[in-house]
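Notes follow the structure.
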Amino acid sequence: MRLLTHLSRLASLVFLVWLLTFANVPRTAVGGVSRNTGNKPLADRITRLPKKWRREGRQKRITKFIQDHCEAAWSKIIKEGFARLGSSSPQTVQEHRLSVKQRFLEEAEIERLTPEEVMEGLCQIDVHEIDEVVTGDRARLKLPHRRDQRQAYVEGWWPEADWLPTSPGGVSPRWKREWQEGKAAAYEFVRQRAGKHLADIIIEVYDDFHGGRSKVSRLARDCHYAETVSEGIRERVPVPHFALEALSAVATPRIRERVMREYKEAVERKEQKPIF
Numbered sequence: 001m002r003l004l005t006h007l008s009r010l011a012s013l014v015f016l017v018w019l020l021t022f023a024n025v026p027r028t029a030v031g032g033v034s035r036n037t038g039n040k041p042l043a044d045r046i047t048r049l050p051k052k053w054r055r056e057g058r059q060k061r062i063t064k065f066i067q068d069h070c071e072a073a074w075s076k077i078i079k080e081g082f083a084r085l086g087s088s089s090p091q092t093v094q095e096h097r098l099s100v101k102q103r104f105l106e107e108a109e110i111e112r113l114t115p116e117e118v119m120e121g122l123c124q125i126d127v128h129e130i131d132e133v134v135t136g137d138r139a140r141l142k143l144p145h146r147r148d149q150r151q152a153y154v155e156g157w158w159p160e161a162d163w164l165p166t167s168p169g170g171v172s173p174r175w176k177r178e179w180q181e182g183k184a185a186a187y188e189f190v191r192q193r194a195g196k197h198l199a200d201i202i203i204e205v206y207d208d209f210h211g212g213r214s215k216v217s218r219l220a221r222d223c224h225y226a227e228t229v230s231e232g233i234r235e236r237v238p239v240p241h242f243a244l245e246a247l248s249a250v251a252t253p254r255i256r257e258r259v260m261r262e263y264k265e266a267v268e269r270k271e272q273k274p275i276f
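Each residue of the sequence shown is one higher than the last, beginning at 1 in full-length UniProt numbering.
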């Protein structure tokens with residue numbers, strides 16, 4: 001059935017190209033050579049169609065994989081870092097993912113992303129959580145074993161050399177190391193359930209998100225940084241480490257300013273420690 005669909009699309013494309021070849025459109029001469037000037041925009045749109053179909057097909061396959069193999073697991077995995085910091089109602093990975101996606105939709109509207117770019121960003125947000133189906137949510141700080149020592153540890157914490165990127169939109173050594181560790185787990189998880197081809201596709205998306213390789217992936221990642229800080233403030237757990245990371249890593253000035261404003265307001269309410 002899928003083969004028939006592709007053949008039908010190919011036949012339609014060939015027919016449209018044939019029409020362009022023989023269409024009665026205005027022609028102009030430049031330097032004695034006739035040149036067709038009327039069909040270029042339409043031809044460009046036609047040549048973009050196969051690429052659009054491939055992109056949409058990939059996104060549908062990824063979405064189905066997420067639904068079949070990830071969503072149920074995510075709904076049972078608690079955000080371990082916030083739980084260990086004393087949150088009475090920590091989000092699940094599924095709730096966190098949906099919160100980040102909602103923020104991305106709001107920011108995408110402000111940035112005037114195209115529908116295709118919006119779908120790309122939402123897909124990246126989904127894919128970057130796949131490794132947690134395997135590993136669970138990993139606390140990014142090495143917190144003390146004793147609960148009564150954890151909050152004091154975070155409040156007295158100051159960034160280690162590998163925690164912050166050197167420029168907005170950049171990648172810190174810590175982030176890069178966690179990215180590579182998660183990538184290996186995600187790849188094997190997908191490969192075992194859907195084969196190497198889909199695993200290769202998904203890991204390409206995974207790398208796009210973590211590396212911030214495009215304006216879409218940078219915006220999606222910015223929303224992830226910002227939402228993590230906002231959620232920590234809402235859950236009343238100390239997040240100076242995440243606030244400093246976000247203020248150093250977020251590429252979008254407007255989002256960076258919002259994070260700073262939210263954190264300063266939490267400091268004024270004596271819910272977070274000053275970091276400035």
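Positions of the beta carbon are idealized from the N, C-alpha and C atoms, including for glycine. Note that the structure is predicted; figures quoted are calculated from it, not measured.
Which value, in whole angstroms, describes the spacing of the CA atoms of ARG221 and LYS176?
13 Å
If you draw a straight line from the C-alpha of ARG78 to the C-alpha of ILE62, how long is it?
Checking the sequence, you will find Ile at residue 78 rather than Arg. Cα to Cα, the separation comes out at about 23 Å.
Contact check, ASP137 vs GLY182 under 8 Å by CB: the rounded distance?
Incorrect: roughly 11 Å between the Cβ atoms, too far for contact.
Could you tell me which of GLU107, ALA83, GLY57, GLN192 sits nearest to PRO238, measuring between CA atoms?
ALA83
For LEU143, I'd like the list of residues in its chain whose CB is within less than 7 Å of its CB, leaving aside the five on either flank, ordered along the chain.
ARG84, ARG150, TYR153
Taking all protein chains shown into account, decide if ILE201 is buried (16 or more other Cβ within 10 angstroms of its Cβ) or exposed.
Note on ILE201: 16 or more other CB atoms within 10 angstroms of its CB, so buried under the neighbour-count rule.
Leaving out five residues before and five after VAL250 in sequence, what residues of the same chain have Cβ atoms less than 7 Å from its Cβ?
PRO168, ASP222, TYR225, ALA226, ARG256, VAL259
Identify whether ILE77 lies in helix, strand or coil by the three-state DSSP scheme.
coil
Should PHE65 and VAL190 be called a contact, given that it needs their Cβ atoms to be closer than 8 Å?
Between PHE65 and VAL190, the gap from beta carbon to beta carbon is short of 8 Å.
Under 8 Å between the Cβ atoms of VAL205 and CYS70?
no
Assuming ILE201 is part of the alpha helix (DSSP H), what are its boundary residues?
196–211
Bridge-paired residues (DSSP) for THR135:
Answer by DSSP bridge pairing: none, since THR135 is not bridged.
HIS210 versus ARG236 - alpha carbon distance:
27 Å
Three-way DSSP call (helix, strand, coil) for THR92 in this model:
strand
Are the Cβ atoms of TRP163 and GLU107 separated by less than 8 Å?
no
ARG236, DSSP secondary structure in three states:
coil
For a quick check, are the C-beta atoms of ARG147 and ASP126 less than 8 Å apart?
no
Which of the three DSSP states, helix, strand or coil, is assigned to CYS123?
In the three-state reduction of the DSSP assignment, CYS123 falls in the helix class, which pools H, G and I.
What separation, rounded to the nearest whole angstrom, lies between the Cα atoms of ARG234 and PHE276?
20 Å
Which residues in the same chain as ASP212 place their Cβ atom closer than 6 Å to its Cβ, once the five residues preceding and following it in sequence are excluded?
Here the sequence assigns Gly to residue 212, which means Asp is not the residue at that position. So the qualifying residues of the chain are GLY169, ARG218, ARG221.
Less than 8 Å between the beta carbons of GLU155 and TRP74, yes or no?
No, Cβ-Cβ distance for GLU155 and TRP74 is not below 8 Å.
What is the rounded straight-line gap between the Cα of GLU95 and the Cα of SER172?
26 Å
Assuming ARG256 is part of the alpha helix (DSSP H), what are its boundary residues?
253–268
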